[in-house]
Amino acid sequence: MFNLILFGPPGSGKGTQSEKLIASYGFKHLSTGDILRNEIKNGTALGLEAKNLMDRGQLVPDAVVIGMIRTALEQNPGVNGFLFDGFPRTNAQAEALDALLDEKNTAIDVVLALQVSKKELIKRLLNRGLTSGRTDDVNESVIGSRIEEYERKTAAVADHYKKLDKVVYIPGEGSVDQIFTSLSNEIDTRS
Ligand code: ADP
1189 MFNLILFGPP GSGKGTQSEK LIASYGFKHL STGDILRNEI KNGTALGLEA
1239 KNLMDRGQLV PDAVVIGMIR TALEQNPGVN GFLFDGFPRT NAQAEALDAL
1289 LDEKNTAIDV VLALQVSKKE LIKRLLNRGL TSGRTDDVNE SVIGSRIEEY
1339 ERKTAAVADH YKKLDKVVYI PGEGSVDQIF TSLSNEIDTR S
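Per this note's numbering, the sequence shown starts with residue 1189, numbered consecutively.
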């Protein structure tokens, strides 16, 4: 089993690269953003609660997303590996993930961290807002809040995995294929 966290700020290309990685390696893709948007689409109570926070660029409570990941892990026994996208986003989430994987006698193998300048992130997210239908992509102040949440709460997740010597930084500007090659090289040397 090979478990990977694709890490980076909003707009760093996690979704785009995840699609290519799952097609190429057969990972089970677990994106908390996608799961939450699905809850919103289905009009569940959880979706309603999450929508309020997401529309303001704030994080959904740890207990909610940790519960979602616990369920997803239980629903997918026997997969080759998981690709975590947009999770963990806080230290509490990282610790919970490590414990959940440990219960299954597995662990995170590597954290691939995409690095993109703030200026480029804002440009990409505004651009995505023109076509994505995502309400959190259209407003520059909401985008700003998401980047701030990343800096205040999520950047620390890299420190957590750095202590375990699991973080590799990947330049996230350049062509989609170039970045994919860099990510693949890191996976290939480890799996
Ligand atoms: P982005 O494309 O900006 O990286 P995502 O699609 O991963 O964003 O998530 C969109 C929103 O969903 C976040 O701004 C946040 O409100 C919520 N969210 C997603 N994953 C998490 C998480 N692990 N913890 C808390 N909130 C989350």
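Glycine included, each C-beta is placed from N, C-alpha and C at the ideal position.
Got a sec? Which residues, its chain only, sit under 8 Å from residue i by beta carbon, not counting five neighbours each side?
| i | result |
| --- | --- |
| S1206 | L1194, H1217, S1219, L1271 and D1273 |
| D1243 | T1323, D1324 and V1330 |
Apart from the five residues just before and just after residue i, which ones in its own chain have a Cβ nearer than 6 Å to its Cβ?
| i | result |
| --- | --- |
| A1233 | none |
| V1330 | G1245 and D1324 |
| A1282 | P1276, V1345 and H1348 |
| R1334 | P1198 and G1245 |
Please tell me whether residue i and residue j are closer than 8 Å, where the distance is taken between their beta carbons.
| i | j | result |
| --- | --- | --- |
| V1380 | A1301 | Lying outside 1189 to 1379, the shown extent of the chain, residue 1380 is not represented and no answer is given. |
| G1362 | G1196 | no |
| F1368 | G1269 | no |
| G1199 | R1312 | yes |
| K1292 | L1261 | yes |
| I1228 | G1221 | no |
| I1310 | E1328 | yes |
| T1342 | T1259 | no |
| L1288 | I1257 | yes |
| F1215 | L1241 | no |
Under 7 Å: does the beta carbon of residue i sit that close to some heavy atom of the ligand ADP?
| i | result |
| --- | --- |
| S1329 | no |
| S1219 | yes |
| G1199 | yes |
| D1290 | no |
| K1202 | yes |
| F1195 | no |
| F1270 | no |
| F1275 | yes |
| D1365 | no |
| D1324 | yes |
| R1312 | no |
| L1318 | no |
Excluding five sequence neighbours on each side, which residues of the same chain lie with their C-beta closer than 7 Å to the C-beta of residue i?
| i | result |
| --- | --- |
| K1354 | I1296, V1298 and V1299 |
| L1371 | Q1205, L1209, L1300 and I1358 |
| Y1338 | P1197 and P1198 |
Please determine whether the Cβ atom of residue i lies at a distance below 7 Å from any heavy atom of the ligand NAP.
| i | result |
| --- | --- |
| R1258 | In the structure shown, the ligand NAP is absent; the only ligands present are the ligand ADP. |
(Q) Report the start-end ranges of each beta strand (DSSP E) in the region 1256–1295 that is 3 residues or longer and not cut off at the edges. (A) Correct list: 1270–1273.
**Q.** Cβ contact (3+ pairs, closer than 8 Å) linking the region 1284–1299 and the region 1250–1257
**A.** They touch, by the three-pair rule.
Q: Flag this pair as touching only if the region 1294–1314 and the region 1367–1379 have three or more C-beta atom pairs under 8 Å; answer yes or no.
A: Yes, the region 1294–1314 is in contact with the region 1367–1379.
Q: Just list the beta strand (DSSP E) runs in the region 1340–1375, keeping only unbroken ones of 3 residues or longer that don't cross its boundaries, in chain order.
A: Counting only runs of 3 or more, we get 1355–1359.
Q | Ordered list of beta strand (DSSP E) runs contained in the region 1199–1256, each at least 3 residues | A | Segments of the beta strand (DSSP E) lying fully in the region 1199–1256: 1216–1219.
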